[in-house]
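Below: one structure, written as structure tokens.
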Amino acid sequence: MGERKKPTLAVFKFASCDGCQLSLLDCEDELLAVASEVEIASFLEASRAVAKGPYDLTLVEGSITTPHDAERIHQIRRVSRTLVTIGACATAGGIQALRNFKDVSDFAKIVYASPETIEALGKSTPIVDHVFVDFELRGCPVSKKQLVGVLSAWLNGRSLEVSAASVCLECKRRETPCVMVASGTPCLGPVTHAGCGAICPSFRRGCYGCFGPMESANTASMAAVWQSIGATGPDLVRAFRSFNAGAEPFRRESEVHEQR
Amino acid sequence: METAPGADRYVLDLTALNRLIEAVREAGYRVAGPKVRDGALCYEELDPDETLPQGVRDEQGAGRYRLRTGGDAALFSQAVGPHSWKRFLSPPEQRLFTAKKDDRGFRFEPGAIDDGKWAFIGVRPCDLAAIRLWDKVFQDGAWADSAYRAIRERVLVVAVQCTAPAGTCFCLSMGTGPRAGHGFDLALTEIGNGAPRFLVEAGTPTGEEILALVPKVRAGPEEIAEGERRLGQAETSMGRSLDVDGLAELLSRQVDSPRWEEIAVRCLACGNCTMACPTCFCTTVEDTSDLTGSTAERWRRWDSCFTLGFSYIHGGSVRRTISARYRQWMTHKLATWHAQFGETGCVGCGRCITWCPAGIDITEEARLFRQAAEAVPAPRS
Numbered sequence: 001m002g003e004r005k006k007p008t009l010a011v012f013k014f015a016s017c018d019g020c021q022l023s024l025l026d027c028e029d030e031l032l033a034v035a036s037e038v039e040i041a042s043f044l045e046a047s048r049a050v051a052k053g054p055y056d057l058t059l060v061e062g063s064i065t066t067p068h069d070a071e072r073i074h075q076i077r078r079v080s081r082t083l084v085t086i087g088a089c090a091t092a093g094g095i096q097a098l099r100n101f102k103d104v105s106d107f108a109k110i111v112y113a114s115p116e117t118i119e120a121l122g123k124s125t126p127i128v129d130h131v132f133v134d135f136e137l138r139g140c141p142v143s144k145k146q147l148v149g150v151l152s153a154w155l156n157g158r159s160l161e162v163s164a165a166s167v168c169l170e171c172k173r174r175e176t177p178c179v180m181v182a183s184g185t186p187c188l189g190p191v192t193h194a195g196c197g198a199i200c201p202s203f204r205r206g207c208y209g210c211f212g213p214m215e216s217a218n219t220a221s222m223a224a225v226w227q228s229i230g231a232t233g234p235d236l237v238r239a240f241r242s243f244n245a246g247a248e249p250f251r252r253e254s255e256v257h258e259q260r
Numbered sequence: 261m262e263t264a265p266g267a268d269r270y271v272l273d274l275t276a277l278n279r280l281i282e283a284v285r286e287a288g289y290r291v292a293g294p295k296v297r298d299g300a301l302c303y304e305e306l307d308p309d310e311t312l313p314q315g316v317r318d319e320q321g322a323g324r325y326r327l328r329t330g331g332d333a334a335l336f337s338q339a340v341g342p343h344s345w346k347r348f349l350s351p352p353e354q355r356l357f358t359a360k361k362d363d364r365g366f367r368f369e370p371g372a373i374d375d376g377k378w379a380f381i382g383v384r385p386c387d388l389a390a391i392r393l394w395d396k397v398f399q400d401g402a403w404a405d406s407a408y409r410a411i412r413e414r415v416l417v418v419a420v421q422c423t424a425p426a427g428t429c430f431c432l433s434m435g436t437g438p439r440a441g442h443g444f445d446l447a448l449t450e451i452g453n454g455a456p457r458f459l460v461e462a463g464t465p466t467g468e469e470i471l472a473l474v475p476k477v478r479a480g481p482e483e484i485a486e487g488e489r490r491l492g493q494a495e496t497s498m499g500r501s502l503d504v505d506g507l508a509e510l511l512s513r514q515v516d517s518p519r520w521e522e523i524a525v526r527c528l529a530c531g532n533c534t535m536a537c538p539t540c541f542c543t544t545v546e547d548t549s550d551l552t553g554s555t556a557e558r559w560r561r562w563d564s565c566f567t568l569g570f571s572y573i574h575g576g577s578v579r580r581t582i583s584a585r586y587r588q589w590m591t592h593k594l595a596t597w598h599a600q601f602g603e604t605g606c607v608g609c610g611r612c613i614t615w616c617p618a619g620i621d622i623t624e625e626a627r628l629f630r631q632a633a634e635a636v637p638a639p640r641s
């Protein structure tokens, strides 16, 4: 059997903290296997060497926040056979999507000495608002296990085992008693996309919604449950406006409680 | 109980009960029982130095559970906790097989089957009924499951008849409790005032063998009467009830009811009810592979009919709306289960009510469906 040509992998970053890319470097045990199965063509967090496209698989981290980036993502899409976005920034606009609820020029005036030199878009948007995305991997940050799962599914040409159901299923499978029912702790688990393995409730904290809305998030009912255990309108606005503030169901629900 | 009063019943004190558990261990069983963790009474493996919690009382309502500890010395003055015994009989995540590529093709290795012997201490009558339902499906049915069977046939059941039902209990309506009936090796009834005391009876030869190793006294008429009194009291203090008369047919006629939409306003489709339900047995199967494609694994995981993936077939999910998913769950449990398995799929444990974050109450929903079905249109004036 002749040596097959290894597929090429590229990783690109937009507005983000680099944490999701670091999840890839954090794979440690699997990293050598990744390196042996793919040719890493572009991954600035790992190496300065950049090979030209096209790339077989491109991972994109970060959201679109500048006119320059809005152009750059189209160039990346053109040279990518398969494009997978990773993390809350790339899939929902990230924490920086908090700007979407305000006037970004007001922030620029406060922060920068010469705000006229700042070219920022009014909204932080996910990659899928700009180009076709083959798959979105959620999380702030993404789960290392799911990231490796995506890579191995892609390398082996099989379907993914990424569930879009609630965090509650993960809680129940790991035998964590419900923090909301057993101690009245507000938790976003019932409306949040699984994937983290239900970490926070296992430490008796409510879910923060790092993986964004689950497949059929009933945020209105979730808000009513929170209110029944004492949450106020501002509490709800803050809860739905974190890393996935720009995700549609969370954005809508946060606005409902802002108006009150 | 058909036998003469007290004929085969004995009284144990706490020391004797602990000796009984010790005898179970000595017979080679791993012991699982109630344990307070994270504000709930969980069924977990107990280490030899761990004793059963005392003075634990629960308060259960729709979407609400609170434990109070440090009360009296009683062991079983509470109802069921969040987890049922199904996690021991069919673990939430189970590797079915591993396939490894070698120069001749694929080599299959079966997943590890739990070859331990489990003793379940403190199985409540509702959960006994749930285990009987699972046995019907996975031990004896056309879809018998070898992994389930391997674990199940070695299980020793020490039941506890319920003397303190919770606010969400309705086993009396379902005919599953608070008395244990059958399906246990040993059954306990707490009768102590102050110092813990228990009536005990054996249900199988294995139970009798264990009981023979324990110091005990034959139960007297007063002790038998005290047990009966407490069970009678439990029957009158069920927090909820469900009128099952004609319920399956009634629900089957409600497929197009607008009530499903009303429930869906509150239903989170989170799947908690199905995970907490002791009879819900649905699983999904997922294949994984390593990066090099040389090793693949097949995993079975607990699944829920509340996920979109559950009804995914070619072209998409069949039950896209939350109302369709709640309807599927409720009508399966209370109606179509009869057609499938010849009885109801609900044992009245109340977990789906307590552990629903939105507090949706299956007994209340059933009552409203009955009310709607029986309502006579008001005459026009």
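Just so you know, the sequences run in chain order A and B.
The first sequence runs 1 to 260 under our numbering.
The second sequence runs 261 to 641 under our numbering.
Virtual Cβ for every residue (Gly too), placed ideally from N, Cα, C.
So residue i contacts chain A; which residues on that side make the cut at Cβ distance below 8 Å?
i	result
Thr358/B	Result: empty, since nearest Cβ-Cβ is about 15 Å, beyond 8 Å.
Pro518/B	Near Pro518/B there are no residues of chain A at all, since even the closest Cβ is about 18 Å away, more than 8 Å.
Glu546/B	Glu161
Thr623/B	Near Thr623/B there are no residues of chain A at all, since even the closest Cβ is about 17 Å away, more than 8 Å.
Ala462/B	Within chain A, no residue comes near Ala462/B; the closest Cβ sits about 31 Å away, beyond 8 Å.
Just to make sure I have the definition right: I need the residues of chain B whose C-beta is within less than 7 Å of the C-beta of residue i. Which are they?
i	result
Leu169/A	Gly531, Met535 and Ser564
Gly155/A	In the sequence on display, residue 155/A carries Leu and not Gly. Within 7 Å Cβ-Cβ: Leu551 and Gly553.
Pro190/A	Leu528, Cys530 and Pro617
Taking only beta-carbon atoms, is residue i less than 8 Å away from chain E?
i	result
Pro538/B	Looking at the structure shown, chain E is missing, and the protein chains on hand are A and B.
Residue range of the beta strand (DSSP E) that residue i falls in?
i	result
Ile86/A	Ser80 to Ile86
Arg580/B	Neither: Arg580/B is in no beta strand (DSSP E) and is coded neither H nor E.
Leu272/B	Tyr270 to Asp273
Gly321/B	Arg317 to Gly321
Ala42/A	Sequence inspection shows Ser at residue 42/A; the Ala mentioned does not correspond to that position. Per DSSP, Ser42/A belongs to the beta strand (DSSP E) from Glu39 to Phe43.
Leu56/A	According to the sequence as given, residue 56/A is Asp; it is not Leu. Run containing Asp56/A: Tyr55 to Glu61, per the beta strand (DSSP E) assignment.
Ile381/B	Lys377 to Val383
Taking residue i as the reference, give the member of the options with the closest Cα.
i	options	result
Arg355/B	His343/B, Asp362/B and Ile373/B	Ile373/B
Pro351/B	Arg409/B, Gln588/B, Gly487/B and Glu468/B	Arg409/B
Met434/B	Asp307/B, Glu495/B, Asp298/B and Asp318/B	Glu495/B
Cys542/B	Gly610/B, Gly365/B, Gly569/B and Thr623/B	Gly569/B
Glu119/A	Phe107/A, His130/A and Val128/A	Phe107/A
Leu59/A	Arg173/A, Gly87/A and Trp226/A	Gly87/A
Glu30/A	Glu624/B, Asp550/B and Arg558/B	Asp550/B
Asp395/B	Asp362/B, Phe357/B, Ile451/B and Lys346/B	Lys346/B
Ser166/A	Asn156/A, Gly195/A, Ser159/A and Gly139/A	Gly195/A
Arg611/B	Gly467/B, Arg364/B, Ala276/B and Thr539/B	Thr539/B
Ile620/B	Leu528/B, Phe629/B, Leu280/B and Asp445/B	Leu528/B
Gly62/A	Arg252/A, His193/A, Arg238/A and Asp129/A	Asp129/A
Ala536/B	Cys386/B, Glu483/B, Pro342/B and Gly575/B	Pro342/B
Arg414/B	Gly467/B, Pro456/B and Ala402/B	Gly467/B
Arg78/A	Gly53/A, Met180/A, Ala70/A and Ala92/A	Gly53/A
Gly184/A	Val578/B, Gly487/B and Arg326/B	Arg326/B
Pro201/A	Asn278/B, Ile281/B, Ser554/B and Asp298/B	Asp298/B
Just to make sure I have the definition right: I need the residues of chain B whose C-beta is within less than 8 Å of the C-beta of residue i. Which are they?
i	result
Lys172/A	Pro352, Gly531, Asn532, Met535, Ala536 and Trp562
Gly149/A	Thr548
For residue i, which residues in chain A fall below 7 Å Cβ to Cβ?
i	result
Thr614/B	Val181
Val525/B	Ser221
Cys302/B	Glu175 and Pro177
Tyr325/B	Val181 and Ala182
Using a C-beta to C-beta distance shorter than 9 Å, which residues of chain A count as neighbours of residue i?
i	result
Pro370/B	What Pro370/B touches in chain A: nothing, since even the nearest Cβ is about 20 Å away.
Asp363/B	Under the 9 Å cutoff, chain A gives no residues; its nearest Cβ is about 11 Å from Asp363/B.
Per DSSP, what are the beta-bridge partners of residue i in this structure?
i	result
Asp547/B	Arg558/B
Glu369/B	Thr358/B
Val34/A	Paired residue(s): none; Val34/A is not in a bridge.
Arg297/B	Ala300/B
Ala10/A	Ser42/A and Thr58/A
Pro213/A	Thr192/A
For residue i, report the span of its alpha helix (DSSP H) as first-last.
i	result
Leu507/B	Leu507 to Ser512
Phe250/A	Glu248 to Glu258
Thr311/B	Where Thr311/B is concerned, there is no enclosing alpha helix (DSSP H), given that its DSSP letter is neither H nor E.
His208/A	What sits at residue 208/A in the sequence shown is Tyr, not His. That residue, Tyr208/A, is in no alpha helix (DSSP H); it is neither H nor E in DSSP.
Arg347/B	Lys346 to Leu349
Residue i versus chain B: which residues are under 9 Å apart at the beta carbon?
i	result
Glu37/A	Leu551, Thr552 and Gly553
Val11/A	Near Val11/A there are no residues of chain B at all, since even the closest Cβ is about 16 Å away, more than 9 Å.
Write down every uninterrupted run of the beta strand (DSSP E) in the stretch 101-176 of chain A whose length is 3 residues or greater and which is fully enclosed by it, in chain order. Annotation: the stretch 101-176 of chain A contains the following complete segments of the beta strand (DSSP E) (minimum length 3 residues), in chain order: 135-137.
Unbroken stretches of the beta strand (DSSP E), 3 residues or longer, contained in the stretch 571-636 of chain B: Qualifying beta strand (DSSP E) stretches: none in this window.
Write down every uninterrupted run of the alpha helix (DSSP H) in the stretch 425-497 of chain B whose length is 4 residues or greater and which is fully enclosed by it, in chain order. The stretch 425-497 of chain B contains these whole alpha helix (DSSP H) runs: 431-434, 465-472 and 481-496.
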